[in-house]
Amino acid sequence: MSDGGATQWLDDDEMRFWRSFIITATLLESRLNQNLSESHGITHSDYTILVFLSEAPGRRLRMSVLAELIASSKSRLSHQIARMEKAGLVSRQECDSDGRGVLAALLPAGMDLLERAAPTHVTAVRELVISQVTTAEQKSFADALDRIHRALSGDGQVAAAS
Numbered sequence: 047m048s049d050g051g052a053t054q055w056l057d058d059d060e061m062r063f064w065r066s067f068i069i070t071a072t073l074l075e076s077r078l079n080q081n082l083s084e085s086h087g088i089t090h091s092d093y094t095i096l097v098f099l100s101e102a103p104g105r106r107l108r109m110s111v112l113a114e115l116i117a118s119s120k121s122r123l124s125h126q127i128a129r130m131e132k133a134g135l136v137s138r139q140e141c142d143s144d145g146r147g148v149l150a151a152l153l154p155a156g157m158d159l160l161e162r163a164a165p166t167h168v169t170a171v172r173e174l175v176i177s178q179v180t181t182a183e184q185k186s187f188a189d190a191l192d193r194i195h196r197a198l199s200g201d202g203q204v205a206a207a208s
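The opening position of the sequence shown corresponds to residue 47 in the working numbering, with each subsequent residue numbered one higher.
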C-alpha cells in the first residue's frame with residue numbers, strides 16, 4: 047500500500063488516542079444499550095429521542111430536526127419512530143405550519159418511561175464516565191469533543207447530548 051509519501055500517518059500517541067476513543071465509544075454505547083434494554087426495554091437511541099422530545103416546546107420536533115439532533119438518517123429515524131409508535135411512546139403529527147412537515151410527538155407513556163429510565167441512565171453515565179475523570183478532564187474532553195462535533199457537522203452548532 048503505497049501513497050507516494052502524501053499520507054501523514056498517526057504516531058504512537060495519536061494511534062493510542064484514536065483507538066481508545068473508538069473502542070471506548072463503542073463499549074459505552076453497548077453498555078448503555080444493555081442497561082436500558084434490560085431495565086426498561088428500550089435502546090439508548092430510544093432514550094435519546096425521548097429526552098430530546100421531552101425538552102422540545104410542546105414535546106414535539108420536526109422529524110428532520112430530530113434526525114439531525116441524534117445524528118441519524120431520516121430513513122433510519124422513520125423506522126425507529128414507527129417502532130416507538132407501536133409501543134405507544136411517540137406519535138407522528140402533521141406540521142401545522144406546512145402540510146408537508148411531520149412532527150414526532152412525545153406521548154404520556156413515553157414521558158412516563160423516560161422518567162423511569164432516567165435514573166438508570168444517569169447512574170450508568172456517572173459510574174462509567176463521570177466518576178472516571180476529574181472535573182478539569184471533563185471540561186477539556188468536552189471542549190475537544192465540541193470541536194470534533196463542529197468539524198463533523200460543519201454547521202458550528204453543538205447539540206446537547208444525553
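Every residue gets a Cβ at the ideal spot worked out from N, C-alpha and C, and that includes glycine.
Can you grab the Cα-Cα spacing for the pair residue i / residue j, in whole Å?
i, j, result
"Leu-96", "Glu-131", "12 angstroms"
"His-6", "Thr-94", "Within the shown structure, residues of the chain are numbered from 47 to 208, placing residue 6 beyond reach of any answer."
"Gly-87", "Gln-54", "45 angstroms"
"Val-175", "Phe-98", "21 angstroms"
"Asp-192", "His-125", "28 angstroms"
"Leu-56", "Ala-164", "39 angstroms"
"Met-109", "Lys-120", "7 angstroms"
With DSSP collapsed to three states, give me the class of residue i.
i, result
"Ser-76", "helix"
"Arg-65", "helix"
"Val-179", "coil"
Comparing alpha-carbon positions, which option in the options lies nearest residue i?
i, options, result
"Glu-84", "Ile-127, Phe-187, Thr-166, Met-61", "Thr-166"
"Ala-190", "Gln-139, Phe-63, Ala-128", "Phe-63"
"Ala-71", "Asp-59, His-90, Asp-58", "His-90"
With a threshold of 6 angstroms on Cβ separation, who are the neighbours of residue i within its own chain once the five nearest residues in sequence on each side are excluded?
i, result
"Arg-106", "Leu-149, Ala-151"
Query raised in the report: Would the stretch 107-118 and the stretch 67-85 be scored as touching if the rule is three or more Cβ pairs under 8 angstroms?
Result: The answer is no - the stretch 67-85 does not touch the stretch 107-118, with fewer than three Cβ pairs under 8 angstroms.
Requested in this report: Could you say if the stretch 165-180 and the stretch 146-157 meet the contact criterion of at least three C-beta pairs nearer than 8 angstroms?
Outcome: Judged by Cβ distances under 8 angstroms, the stretch 165-180 makes no contact with the stretch 146-157, as fewer than three pairs qualify.
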